[in-house]
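Notes to accompany the following structure.
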Amino acid sequence: MYPWREFDLIAGTSTGGLLAIMLGRLRMSIDECEAAYAQLATDIFTPRRHRANFLGQSVDFLKANGKFDEQPLEKNLKNNIKDAGLDEEEFLHDMRADSPKVSFGDLADVKIWEAGRATSAASTFFDPITIGQNGERFADGAIHYNNPIRLVLQESYALWPTGERLLISIGTGSAPGKAIDSSLLNLVNQLVHIATETEKTAREFLLDHEDMVKADRLFRFNVYHGLGDIGLDESKEIEQISARTRTYLRDPEVTRKAIACVSAMRELRGASLSL
């Protein structure tokens with residue numbers, strides 16, 4: 001399945017932002033995206049400081065320095081861009097005829113890899129980055145918009161003022177229990193807050209848009225149990241995450257909701273929806 005063919009708008013923050021770029025701008029299939037992200041996680045999550053270097057890690061945090069070196073991330077992003085048949089310095093703005101018309105404002109000259117770095121820029125993982133015509137600095141986007149669903153709905157109305165909406169929100173699991181070294185309590189609390197705030201935003205949005213839920217126009221999927229003990233930077237645990245996600249999808253209620261979601265998509269898209 002190629003999500004870019006089925007969805008008008010794909011968005012996310014941090015990991016979700018990287019997946020949105022892969023599935024949307026780079027037009028990867030689901031299988032291609034899974035393989036690309038697995039490789040990306042292996043490549044990029046190499047600690048900048050040794051775990052025993054508590055003083056160095058503390059200095060990095062106080063200076064808002066990322067825990068990981070951003071160079072492998074940038075290299076991986078550029079490799080994925082080239083694998084998609086594009087120049088590694090290709091702009092995020094897609095000029096192809098079958099790409100939707102959008103407004104980038106001061107970020108019109110941002111490159112694909114820069115967007116990937118910007119959405120990943122958080123003091124707990126990667127350094128901030130300055131991009132765009134006016135030198136806009138991106139850092140800690142996941143703190144303010146870890147669940148960007150409200151922004152997605154707003155953007156959809158800005159792009160398409162009329163017409164029916166169908167929103168699908170996919171969570172990242174429950175709050176991480178050991179995303180980073182336990183000695184850095186401030187960072188642990190920050191990541192737990194991010195994960196908790198994501199679900200809080202989702203619950204509030206669902207309550208605010210009950211009409212969409214009842215009309216099968218708003219769906220939320222989230223592995224709410226089983227991922228909390230897997231760190232965000234544990235690339236070796238990807239298979240474990242996949243296994244727990246498959247278990248979640250086998251839940252009868254989740255299966256029912258997934259079938260309803262596909263039916264709603266087919267209703268809006270027509271029988272052309274390919275899965």
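Residue 211 in UniProt numbering sits at position 211 of the sequence shown, with consecutive numbering throughout.
Yeah, the Cβ is synthetic: ideal placement off N, Cα and C, and Gly gets one too.
Bear in mind the structure is a predicted one, so any value in this text is a computation, not a measurement.
According to DSSP, residues forming a beta bridge with residue i
i      : result
ALA121 : PHE126
LYS200 : Answer is none; LYS200 lacks a bridge partner.
LYS111 : PHE91
ILE131 : GLU136
Limits of the unbroken beta strand (DSSP E) element including residue i
i      : result
GLU136 : 136 to 138
LEU167 : 167 to 170
LEU218 : 218 to 221
Same chain, Cβ closer than 8 Å to residue i, five either side skipped, listed in chain order
i      : result
TRP160 : ASP8
ILE112 : ILE21, ARG25, LEU26, LEU77, ILE81, LEU86, GLU90, PHE91 and LEU92
ALA11  : GLY17, ALA20, PRO148, LEU151, VAL152 and GLU155
LEU73  : LEU40, ASP43, ILE44, GLY116, ARG117, SER120 and PHE126
THR255 : LEU249
LYS257 : PHE219 and PHE221
6 Å CB neighbourhood of residue i in its chain, flanking five on each side removed
i           : result
residue 283 : This structure does not reach residue 283, given that the chain is present from 1 up to 275, and the question cannot be answered.
CYS33       : MET22 and LEU23
THR201      : ASN147
ALA139      : ALA121 and PRO128
PRO222      : It is worth fixing the name first, because residue 222 is Asn in this sequence and not Pro. Cβ within range, chain order: GLY171.
SER28       : The displayed chain sequence assigns Met, not Ser, to residue 28. Contacts found: MET22.
PHE205      : ILE149
THR245      : VAL223
PHE88       : Just to set this straight, residue 88 is Glu in the shown sequence, not Phe. Contacts found: LYS78, ILE81 and LYS82.
ASP114      : The sequence shown places Glu at residue 114, rather than the Asp named in the question. Taken in chain order, the residues that qualify are ILE131.
TYR157      : none
ASP251      : none
PRO100      : none
Residue i, enclosing alpha helix (DSSP H) - first and last residue
i           : result
residue 279 : Because residue 279 is not part of the residues shown, which for the chain are 1 to 275, the question remains open.
GLY17       : 15 to 20
ASN76       : 70 to 83
GLN240      : 238 to 249
PRO252      : 252 to 269
ILE149      : 149 to 159
residue 337 : The question about residue 337 has no answer here: the residues shown for the chain are numbered 1 through 275.
ARG5        : 3 to 6
Chain-order list of residues whose beta-carbon lies under 7 Å from that of residue i (same chain, five-residue window excluded)
i      : result
MET95  : none
GLU70  : ARG117, PHE126 and ASP127
ILE168 : PHE219 and CYS261
GLY270 : none
LEU166 : ARG217, ALA264, MET265 and LEU268
ALA38  : ILE238
ARG137 : PRO128 and THR130
Minimum Cβ-Cβ distance from residue i to chain C less than 8 Å
i      : result
ILE238 : Looking for chain C here will not work: only one protein chain is present.
Open item on the list: Below 8 Å, how does it come out for the region 199 to 213 and the region 252 to 269: are there three or more Cβ pairs, yes or no?
Closed with: no
Open item on the list: Within 8 Å, do at least three Cβ pairs link the region 130 to 137 to the region 103 to 118?
Closed with: yes
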